[in-house]
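Please read the structure below before turning to the comments.
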Amino acid sequence: MVPLEQGAKIAVEKCMVVKPEDHVLIVADEDSKDIGIALRKASLEITKHVRFFNVDLPAYGGRPLKRMPEGLKEAILEATVTFFVAGAREGELATLREPFIHLIKARARHAHMVGVSNEIMEYGMCVDYDVVNKITQNVHRVVKDAEEIRVTSPAGTDFVAKMDPSMYWIPCSGVVTKVGEWDNLPSGEVFAAPLTLEGRLVVDGTVGDWLGEKYNEIVDFTETPLIIDVENKVVGSHIAYCECDNKELLDDFTKYINSEPCASRVGELGIGTNIFLEKVVGNILQDEKLPTIHVAFGDPYHEKTGADWECHHHIDLLMLKCNILVDGVEIMKEGKYLPIITGE
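Here the working numbering is used: the first residue of the sequence shown is 4, the next is one more, and so on.
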């Protein structure tokens, strides 16, 4: 692998395009402190205006944070470029991460890197983002006016998503240059909020939010998949049934999706476009960028997609080696893009 510093340099220079006049804010925790320091070092080579927060410090009240610290809120409002590299904790989507995203819109561009690891910085960040951008734009061109997406996989995933032409597919290629914009890094995906989604999801890849922090390293999802049946209801597409041989995981997932009315509603259909990624690393931040499909329950990122609802929960679920048909035209076969996307 290449050094951590190279991944940080790409994040700062290529993805966030930091300039001498920028004010950079980096938010880390104990697990991601080395990454935060590497980002700080790369930023200081360009601008002298860099601030660093470790949210695990006792002064902030302990994790999970019940509210955003005032000092951090003030720092966000002064920043023009922000990096969030701290890990996910139960409840912090509502108390920390969502408010963070809301505050950056005033004057900053943001890199959302929740739970990023050294492995991700040295692997997923160190890719050719010009190529990622090309694949991302090609996928976006094909899906942006789609009415129906059909997805199957060897593991048993089989669902149909109906798309609303008035909603937006969002291309994420890893380069953030406009105030108020943000992207997950490492990047490479196209996503939307489907109008409806019906069928079976066999989650044999990775799970997100705090469940990922708890289970991704101890559960082999290819052997113990999370199986979810989704059906259309009066308001949106919701989970009708789920099962998993790991009962603790199933209990936690069931509690998660029952935590508020829309937590069990399909909020996102995402297609990974980072063709340099060839393996699951057990972290949804990177794994959802693999050339395959992920579906999220909960918040639809309404301010980007145009959805007319929101939720304080959002959990991404990855399915491997997917086949994708867009209005009957196949663009991916078992996780490999076809020439209609690659141009080969």
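Don't be surprised by glycine CBs; every beta carbon is placed ideally from N, CA and C.
Just so we're clear, the structure is a prediction, and the values are computed from it rather than from any experiment.
Length of the line joining the Cα atoms of residue i and residue j
i: residue 125; j: residue 326; result: 29 Å
i: residue 199; j: residue 165; result: 5 Å
i: residue 38; j: residue 89; result: 10 Å
i: residue 163; j: residue 156; result: 12 Å
i: residue 206; j: residue 252; result: 12 Å
i: residue 7; j: residue 311; result: 40 Å
i: residue 276; j: residue 293; result: 6 Å
i: residue 299; j: residue 239; result: 13 Å
i: residue 329; j: residue 168; result: 14 Å
i: residue 221; j: residue 204; result: 21 Å
i: residue 101; j: residue 259; result: 17 Å
i: residue 123; j: residue 289; result: 7 Å
i: residue 308; j: residue 98; result: 22 Å
i: residue 110; j: residue 17; result: 20 Å
i: residue 62; j: residue 76; result: 15 Å
i: residue 86; j: residue 29; result: 5 Å
i: residue 73; j: residue 225; result: 43 Å
Under 8 Å between C-beta atoms of residue i and residue j
i: residue 177; j: residue 287; result: no
i: residue 78; j: residue 54; result: yes
i: residue 272; j: residue 197; result: yes
i: residue 33; j: residue 68; result: no
i: residue 323; j: residue 256; result: no
i: residue 13; j: residue 128; result: yes
Counterpart residues of residue i in DSSP-defined beta bridges
i: residue 174; result: 193
i: residue 54; result: 28
i: residue 345; result: Answer is none; residue 345 lacks a bridge partner.
i: residue 240; result: 235
i: residue 164; result: 152, 200
i: residue 299; result: 271, 319
Simplified DSSP state of residue i, which is helix, strand or coil
i: residue 117; result: coil
i: residue 333; result: strand
i: residue 308; result: helix
i: residue 278; result: coil
i: residue 11; result: helix
i: residue 144; result: helix
i: residue 199; result: strand
i: residue 40; result: helix
i: residue 339; result: strand
i: residue 123; result: helix
i: residue 325; result: coil
Residue environment, residue i, which counts as buried when at least 16 other CB atoms sit within 10 Å
i: residue 261; result: exposed
i: residue 302; result: buried
i: residue 158; result: buried
i: residue 264; result: exposed
i: residue 186; result: buried
i: residue 105; result: exposed
i: residue 25; result: buried
i: residue 189; result: buried
i: residue 42; result: buried
i: residue 243; result: exposed
i: residue 81; result: exposed
i: residue 295; result: buried
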